[in-house]
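**Student:** Which chain is which? The protein sequence lines are A and B, in order. To convert, note that position 31 of the first sequence is 16 in this note's numbering; the numbers rise steadily by one, no gaps. Position in the second sequence (first residue = 1) + 183 = this note's numbering.
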Amino acid sequence: MKSTPIARCRPPIWGGMMLELKAINAGYGRAQVLRDLSLRVQSGEILCLLGRNGAGKTTTMQAIMGLIPLMSGAVLLDGEDISQLPAHEVPRRGIGYIPQGRRLFNGLTVAENLEIGLMARKSGHDTLEEVLDLFPRLRERYRQRAQTLSGGEQQMLATARALCLRPKALLLDEPTEGLQPSMIEAIRQVIVKMRQTGVAILLVEQRVDAVLSVADRVAFMENGRGEAVMDAENLRRDHSIVERYVGV
Amino acid sequence: MELGPYLILASLEGAITAAVLALTAVGLSLVFGVMRVVNIAHGEFFMLGAVIAWWITGMIGGPPAVGFGVALIVAPLMVGAIAVLADMTILKRLDYDPERTIVATIGLLYIIQQLTLMSYGPDAHPVTAPFNTRLAIPWVAHGEGGWTLIWPWGLGTTSYKLAVIGAAVVVLLGVWLMMARTKIGLLMRATQQDRDMALAFGIPVERIYALVFGMGAALAALAAVLIVPIQQAHYLMGGDPLLLSFIVVIIGGLGSLPGTVVAAVLIGLSDGIISVFFSPTLAKILATLLVALVLIFRPQGLFGARGR
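So, in structure tokens, the structure goes:
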């Protein structure tokens, strides 16, 4: 296999807000999944995690949210160590989570799902209006139970619920899985809009094309370890590196 | 006189059983629904409510209504506080693991029961009802001269028994309003749906669990305070409510509050009627048989959702 020069990742330009993982080790019970994983996501940047199934992408997000305990290492948000906090304090610091498979509160209505998002950081009514403006469809479905929505609408709701926190950092785990193209485009536009407002975005996505069209940088993962991190620009020009990490 | 009046009387007795059972079972159902904890000690929280009510009314003295009124508020609060303590010191440390919490609550059952035996003693004690007017039930019979009203006809009920039914309805409505309309109810329902996502959206799940466990126990205690003027307080009185609550919760659908209430009415009424006309033992046998049938033909219960 031809060796490919691995570009150095762009150094942080503006030191302000960011999400940083410092050599975290984590797993389920005694089964360790993440090994010395380090990442940093700047505000106003989309960092995409790429890797094969079982590389530890979803586990990374659960570790950030405090849903699984760290064995060692730290997660910093704006320099504050949030890995020592109880799990329910992590979102209150400003991290919005859009989990794989959406994980909505299914028996609750659209309004109630959003209200839970609003309560987390005591966001006001103006936040709700802004979020509903991003997803007008949810306004039409406002009193319906979440489980009665279509797949695309459910993804909109999962995204809207996370945005109700007015997050500083947003974690998206395969947000376009199983959606039709028009929905994928709608979600993509919202992600890009969030980047413009200065949110740090960590995106897990299987479809490489979708990644390359929005990501600023791409971090590869293999067997729970962080591998190369590079500018998406380079990958768009040279696909071979992507093949190396996620090719079958 | 024919069967009719006795049927009315039996239904009334059944309605009281149903009212008390609904309160107790809703407490059990709430705990199971939100926390996935099968609380074997639930009947002991019921018993504690009755014993504490006896203790409070004895301590305060004066007219029965005053002591009873205080007991009605203080006993559930005290039992709720004990349950919150048990949650924080025992269940939380077991990580709410479904199997281990069953064993832990069995232990809790014996601790509470034996402590009560040691302090309160083996005797049953009555609590005086705050009011107890005898009420005769009117009955219409078709005699020689057409329809005639027979009143009074000997058998009757008391104002207190009717008040128990009324109080249970009010409290159940209150629980429903809290779950459906308040912020804390919303947090409880979200926690019930998906614990991890509740955490990921800033809901302090451990505090919600402690609150729910306390509320469940308080509901059982409240039911016991209501029934103790009719039934007397005894350290072993928690067995029947526990069995019947489980029957009701399984028939109604695990974790479904409306199902629990409907099943409580069904089981309570049939228990009252069968007990009056046949025997209380037959009533229990039939209720347990019904559980077996429900488990075979509709495992999710009458109102439960399939496959969660």
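Where is the CB? At the ideal position from N, CA and C, for every residue including glycine.
Kindly indicate which three-state DSSP category M420 of chain B falls into: helix, strand or coil?
**Tutor:** When DSSP states are grouped into helix, strand and coil, M420 of chain B belongs to the coil group.
**Student:** Examine chain D for any beta-carbon lying closer than 8 Å to the beta-carbon of R372 of chain B, and answer yes or no.
**Tutor:** The structure shown contains no chain D; its protein chains are A and B.
**Student:** Helix, strand or coil for K42 of chain A per DSSP?
**Tutor:** helix
**Student:** Could you have a look at S198 of chain A and say whether DSSP puts it in helix, strand or coil?
**Tutor:** Helix.
**Student:** How about M56 of chain A: is its C-beta nearer than 8 Å to some C-beta of chain B?
**Tutor:** Not an interface residue.
**Student:** Give a yes or no on contact between the segment 203 to 210 of chain A and the segment 35 to 52 of chain A, applying the rule of three or more CB pairs nearer than 8 Å.
**Tutor:** Touching, per the Cβ criterion.
**Student:** Please state if the CB of L206 of chain B and the CB of A406 of chain B are separated by a distance shorter than 8 Å.
**Tutor:** Contact flag set, yes.
**Student:** To the nearest angstrom, report how far apart L476 of chain B and E100 of chain A are at their CA atoms.
**Tutor:** 41 Å
**Student:** Return the CA-CA distance between N91 of chain A and A269 of chain B, expressed in angstroms with no decimal places.
**Tutor:** 31 Å
**Student:** Rounded to whole angstroms, what's the CA-CA distance from L355 of chain B to D111 of chain A? Just pull it up for me.
**Tutor:** 36 Å
**Student:** What separation, rounded to the nearest whole angstrom, lies between the Cα atoms of I53 of chain A and M206 of chain A?
**Tutor:** Going from the Cα of I53 of chain A to the Cα of M206 of chain A covers about 19 Å.
**Student:** Tell me, please, whether the segment 372 to 385 of chain B touches the segment 71 to 85 of chain A by the rule of three or more beta-carbon pairs shorter than 8 Å.
**Tutor:** yes
**Student:** Counting only beta-carbon atoms, is M141 of chain A nearer than 8 Å to chain B?
**Tutor:** It does not: the Cβ of M141 of chain A has no partner Cβ on chain B nearer than 8 Å.
**Student:** Quick check on DSSP: helix, strand or coil for S28 of chain A?
**Tutor:** coil
**Student:** Would you say P76 of chain A faces chain B, with C-beta separation under 8 Å as the test?
**Tutor:** yes
**Student:** Taking L369 of chain B and E97 of chain A to be in contact with their CB atoms under 8 Å, please state how far apart those CB atoms are, rounded to whole angstroms.
**Tutor:** 6 Å
**Student:** Buried or exposed, going by whether 16 or more other CB atoms sit within 10 Å of the CB of I457 of chain B?
**Tutor:** buried
**Student:** Starting from M3 of chain A, follow its DSSP beta bridges and name the residues at the other end.
**Tutor:** A:Q27
**Student:** Below 8 Å, how does it come out for the segment 55 to 62 of chain A and the segment 7 to 20 of chain A: are there three or more Cβ pairs, yes or no?
**Tutor:** yes
**Student:** For a cutoff of 8 Å on Cβ pairs, would you count L369 of chain B as touching chain A?
**Tutor:** yes
**Student:** Beta-carbon within less than 6 Å of G210 of chain B's beta-carbon, same chain only, minus the 5 sequence neighbours each way: which residues are those?
**Tutor:** Once the five neighbours on either side are set aside, the close Cβ partners of G210 of chain B are G399, L402 and A403.
**Student:** Who are the Cβ neighbours of V431 of chain B in its own chain at under 7 Å, not counting the five residues just before and after it?
**Tutor:** Counting only Cβ-Cβ distances below 7 Å, and skipping sequence neighbours, we find L204, A208, T443, A446, A447 and I450.
**Student:** Taking only three categories from DSSP, how would you classify V325 of chain B?
**Tutor:** Per the sequence shown, residue 325 of chain B should be read as His rather than Val. Note: H325 of chain B maps to strand in three-state DSSP.
**Student:** Using DSSP with H/G/I as helix, E/B as strand and the rest coil, what is F120 of chain A?
**Tutor:** coil
**Student:** Among residues of its own chain, excluding the 5 on either side of A217 of chain A, which ones have a beta-carbon nearer than 7 Å to its beta-carbon?
**Tutor:** L197, A200, D201, R202 and V203
**Student:** Is A383 of chain B close to chain A, meaning its C-beta is less than 8 Å from at least one C-beta of that chain?
**Tutor:** It does; some Cβ of chain A falls within 8 Å.
**Student:** Quick one: what's D158 of chain A bridged to in DSSP?
**Tutor:** In DSSP, D158 of chain A forms a bridge with A:V189.
**Student:** Where A416 of chain B and A236 of chain B are concerned, what is the direct C-alpha to C-alpha distance, given to the nearest angstrom?
**Tutor:** Those two C-alpha atoms are separated by around 9 Å.
**Student:** Please specify which runs of the alpha helix (DSSP H), each continuous and at least 4 residues long, are wholly inside the segment 368 to 399 of chain B, giving them in chain order.
**Tutor:** Within the segment 368 to 399 of chain B, the complete alpha helix (DSSP H) runs of at least 4 residues are 378 to 383.
**Student:** Can you tell which of B:G187, B:G197 and B:P188 has its C-alpha closest to the C-alpha of I410 of chain B?
**Tutor:** B:G197
**Student:** Just verifying my parser: in three-state terms, what is the DSSP assignment at I(-2) of chain A?
**Tutor:** Here I(-2) of chain A scores only 48 on pLDDT, less than 50, and its place in the model should not be relied on; the value that follows carries that caveat. Coil at I(-2) of chain A, not helix or strand.
**Student:** Can you find a CB in chain A that lies within less than 8 Å of the CB of D379 of chain B?
**Tutor:** yes
**Student:** Are there 16 or more other CB atoms within 10 angstroms of the CB of F486 of chain B, so buried, or fewer, so exposed?
**Tutor:** buried
**Student:** Note down, in chain order, every chain B residue with its Cβ under 7 Å from the Cβ of Y13 of chain A.
**Tutor:** Within 7 Å Cβ-Cβ: nothing; Y13 of chain A doesn't reach chain B, min ~13 Å.
**Student:** For A200 of chain A, which residues in chain B fall below 7 Å Cβ to Cβ?
**Tutor:** Within 7 Å Cβ-Cβ: nothing; A200 of chain A doesn't reach chain B, min ~23 Å.
**Student:** When DSSP labels each residue in this structure, what does M361 of chain B get in the three-state scheme?
**Tutor:** It is helical.
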